[in-house]
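Colleague: Sequence positions in the sequence shown follow this note's numbering and run -14 to 192.
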Amino acid sequence: MSKFHSLAIAGLGAVLVLSPLAVVAQSAFTSDPAQVQAGDYRLDSDHSKVTWSINHFGYSTYVGQFSKVEGTVSIDPKKAAASKLDVTIDANSVGTLNAKLDAHLKTADFLDTARFPTATFKATTIKLTGKRTANITGDLTLHGVTRPVTVAATFNQAGVNPVDKTYSLGFAGKAKIKRTDFGINAYAPALGDEVTLDLEAELKKVG
-14 MSKFHSLAIA GLGAVLVLSP LAVVAQSAFT SDPAQVQAGD YRLDSDHSKV
36 TWSINHFGYS TYVGQFSKVE GTVSIDPKKA AASKLDVTID ANSVGTLNAK
86 LDAHLKTADF LDTARFPTAT FKATTIKLTG KRTANITGDL TLHGVTRPVT
136 VAATFNQAGV NPVDKTYSLG FAGKAKIKRT DFGINAYAPA LGDEVTLDLE
186 AELKKVG
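#1: Quick one: Cα of G56 to Cα of Y172, how far?
#2: Please tell me whether V134 and A160 are closer than 8 Å, where the distance is taken between their beta carbons.
#3: What residue from A66, R132, K69, G123 has the CA that sits closest to D166's CA?
#4: My assumption, with CB atoms under 8 Å, is that V54 sits in contact with K85. Please give the rounded CB distance.
#5: Quick one, which of L96, A143, K69 has its alpha-carbon nearest T109's?
#6: Provide the residue(s) that pair with Y44 in DSSP beta bridges, ordered along the chain.
#7: Check whether the segment 75 to 89 touches the segment 148 to 163, taking contact to mean three or more Cβ pairs, one atom from each stretch, closer than 8 Å.
#8: Are the beta-carbon atoms belonging to S38 and Y47 less than 8 Å from one another?
#9: Could you check what DSSP says for R100 in three-state terms: helix, strand or coil?
#10: Indicate whether E187 and D29 have their beta-carbon atoms separated by less than 8 Å.
#11: Buried or exposed for G192, please, with buried defined as at least 16 other CB atoms from any protein chain shown within 10 angstroms of its CB.
#12: Only counting the same chain, and skipping five residues up and downstream in sequence, which positions put a Cβ closer than 8 Å to that of A(-7)?
#13: Does the Cβ of L113 have 16 or more other Cβ atoms within 10 Å, making it buried, or fewer, making it exposed?
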């Protein structure tokens, strides 16, 4: 038997042995919200971000991000609409990969982080819109102003994270706000008023 055929047979054997393990690993995850473990969860700040985008004087869509987000969620899949959600965003974590612009965004022209170092979102109502989707309406406090905002959320999956072995959840969300509603008026309306927020959240079960 040639060396090539020996390697091929060995490789096939490895595939046959490992395939059941792969099936088991894949089956450990679910995209069905009804199968989620009830309990309290904390936001995984290392893997959760808020990305914002705004019309830049009509020339382009400019994108930035808040990289430090913390929060808690309480979930019971049998009473999904009664879930609780509280999120805090570190306004000083705003980032665009442009140090000069980042510094400007923190001034009184925009976020005024010296006076308002955080933004918060607290869910008030949750309306299921599909098997894996919901509209989460809550109070967003930004720049010292509180207004209702609705996040269109999509459940990604749940299961034991293969790296840290912690039961985890994943969600995505999108919302639109008008910055002038929150008193952020610099260069409006030439610099876009509407801001699109794209949210990615991973949560770890507590306890």
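Positions of the beta carbon are idealized from the N, C-alpha and C atoms, including for glycine.
Modeller: Result, derived from the coordinates:
#1: 32 Å
#2: yes
#3: R132
#4: Their Cβ separation, rounded to whole angstroms, is 24 Å, which puts V54 and K85 out of contact at 8 Å.
#5: K69
#6: Note: Y44 sits in no beta bridge, so no partner.
#7: no
#8: yes
#9: coil
#10: yes
#11: exposed
#12: Bear in mind that the predicted position of A(-7) carries a pLDDT of just 46, short of 50, making it too unreliable to give a figure here.
#13: exposed
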